[in-house]
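All the letters of the sequence shown, read from the start, carry residue numbers 6 to 303 under my numbering.
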Amino acid sequence: MSQTSNAAAASLRQYKKRSQIGSICRRFAKSKTAMAGLVILVILALVALCCPLFLDYSADVTGQNMRERLQFPSWEHPFGTDQYGRDVLARVVWGTRISLSAALVIISIATVVGALLGAVAAYYGGKVDNLIMRVMDVFYALPFNLMAICIVASLGNGMFNLGLACVVGVIPGFTRVFRSAILPIRNQEYIEAARACNTSDGRILLRHILPNALGPIIVQATLNLAITILSIAGLSYIGLGVESPTPEWGTMLSDGREYMRNYPYLVIFPGLAIMVAAMSLNLIGDGLRDALDPKLKN
Numbered sequence: 006m007s008q009t010s011n012a013a014a015a016s017l018r019q020y021k022k023r024s025q026i027g028s029i030c031r032r033f034a035k036s037k038t039a040m041a042g043l044v045i046l047v048i049l050a051l052v053a054l055c056c057p058l059f060l061d062y063s064a065d066v067t068g069q070n071m072r073e074r075l076q077f078p079s080w081e082h083p084f085g086t087d088q089y090g091r092d093v094l095a096r097v098v099w100g101t102r103i104s105l106s107a108a109l110v111i112i113s114i115a116t117v118v119g120a121l122l123g124a125v126a127a128y129y130g131g132k133v134d135n136l137i138m139r140v141m142d143v144f145y146a147l148p149f150n151l152m153a154i155c156i157v158a159s160l161g162n163g164m165f166n167l168g169l170a171c172v173v174g175v176i177p178g179f180t181r182v183f184r185s186a187i188l189p190i191r192n193q194e195y196i197e198a199a200r201a202c203n204t205s206d207g208r209i210l211l212r213h214i215l216p217n218a219l220g221p222i223i224v225q226a227t228l229n230l231a232i233t234i235l236s237i238a239g240l241s242y243i244g245l246g247v248e249s250p251t252p253e254w255g256t257m258l259s260d261g262r263e264y265m266r267n268y269p270y271l272v273i274f275p276g277l278a279i280m281v282a283a284m285s286l287n288l289i290g291d292g293l294r295d296a297l298d299p300k301l302k303n
């Protein structure tokens, strides 16, 4: 009899979970702007994944052809060619792969670290909370771009140092958001019941608290993806990020600024790529925020 009741309770929990996820998906699908952002992001992701299948990096992306330098957009080169005869369309397409993958790795690391720090600070409180949050306040007091510039300038150029600078700059925001999301949860009855059953703190954090506070962190991660793409492009533009001939969007803007007056397409197309990627992520973030907000269920 007890086994039957336990199975029924488990199936009921699974049904409620599926129903909740389905409700969130339906609310998200009702937002036309959020769906438009999702479609754009899926297209960009497919381009990033499939570009090695139809573009050769050394020949089509970084290979120089001085006979075709600075050609305006045409059927042969839809986005034109740059000062070294490289096809701008091929470089923008490959830059999608670099920018999206770098931003995704940076935000994934920052989300995990920020979530753990915020959860520990909110769950234990007291001195642990003060120590973690005061350290985060030190980093949070510095503007994100200024701190990233300082880190990259001191460690040197390169994708690793650029990623490290962005991770350090993003973690404080994740920590604060996750802490604020967990504070109302830590004293709920089911958490007290878990403590009464002598459940370890690690299990309570990972099994009971973190899954119930994922809504704000998902929205934060989505919105910060757009900010990270802009930061990577900005640091590369001023020479502190990805170096040429790597086809990163900010690097392409930096390379084309000298020719911008006579050949504006060199900066128009990379700029449009940055704008479209950031806009799609912001639209998705807004849609997720509305879908995950309990006040908007009705």
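Note that CB positions come from ideal geometry on N, CA and C, so glycine has one too.
All of these numbers come straight from a predicted model, not from anything done at the bench.
So is residue i buried or exposed if we call it buried at 16+ other beta carbons inside 10 Å?
{"i": "residue 243", "result": "exposed"}
{"i": "residue 148", "result": "exposed"}
{"i": "residue 55", "result": "exposed"}
{"i": "residue 296", "result": "buried"}
{"i": "residue 283", "result": "buried"}
{"i": "residue 202", "result": "exposed"}
{"i": "residue 289", "result": "buried"}
{"i": "residue 108", "result": "buried"}
{"i": "residue 192", "result": "exposed"}
{"i": "residue 11", "result": "Reliability of the predicted coordinates at residue 11 is poor, the pLDDT of 47 falling under 50, and the value obtained from them is presented with this limitation in mind. Exposed: under 16 other Cβ atoms inside 10 Å."}
{"i": "residue 80", "result": "exposed"}
{"i": "residue 236", "result": "buried"}
{"i": "residue 215", "result": "buried"}
{"i": "residue 84", "result": "buried"}
{"i": "residue 100", "result": "buried"}
{"i": "residue 208", "result": "exposed"}
{"i": "residue 218", "result": "buried"}
{"i": "residue 293", "result": "buried"}
{"i": "residue 179", "result": "buried"}
Rounded to the nearest angstrom, how far is the Cβ of residue i from that of residue j, given a contact under 8 Å?
{"i": "residue 53", "j": "residue 102", "result": "4 Å"}
{"i": "residue 173", "j": "residue 166", "result": "Not a contact, Cβ separation roughly 11 Å."}
So what does residue i bridge to, in DSSP terms?
{"i": "residue 92", "result": "86"}
Which residue's Cα is closest to the Cα of residue i: the options?
{"i": "residue 213", "options": "194, 236, 221", "result": "194"}
{"i": "residue 2", "options": "140, 36, 190, 160", "result": "Nothing about residue 2 can be read from this structure; the chain reaches only from 6 to 303."}
{"i": "residue 168", "options": "238, 36, 76", "result": "238"}
{"i": "residue 245", "options": "74, 27, 170", "result": "170"}
{"i": "residue 133", "options": "143, 122, 142", "result": "122"}
{"i": "residue 105", "options": "292, 285, 294, 68", "result": "285"}
{"i": "residue 234", "options": "276, 78, 63, 36", "result": "276"}
Using a Cβ distance threshold of 8 Å, determine whether the stretch 175–195 contacts the stretch 119–134, with at least three qualifying pairs required. yes
Taking 8 Å as the threshold, find out whether the stretch 252–264 comes into contact with the stretch 88–102 through three or more Cβ pairs. yes
Contact between the stretch 58–74 and the stretch 38–50: three or more CB pairs below 8 Å? no
With a cut-off of 8 Å, do at least 3 Cβ pairs link the stretch 131–151 to the stretch 268–277? no
State whether the stretch 222–234 contacts the stretch 109–119, with contact taken as three or more CB pairs (one from each stretch) at a distance under 8 Å. yes
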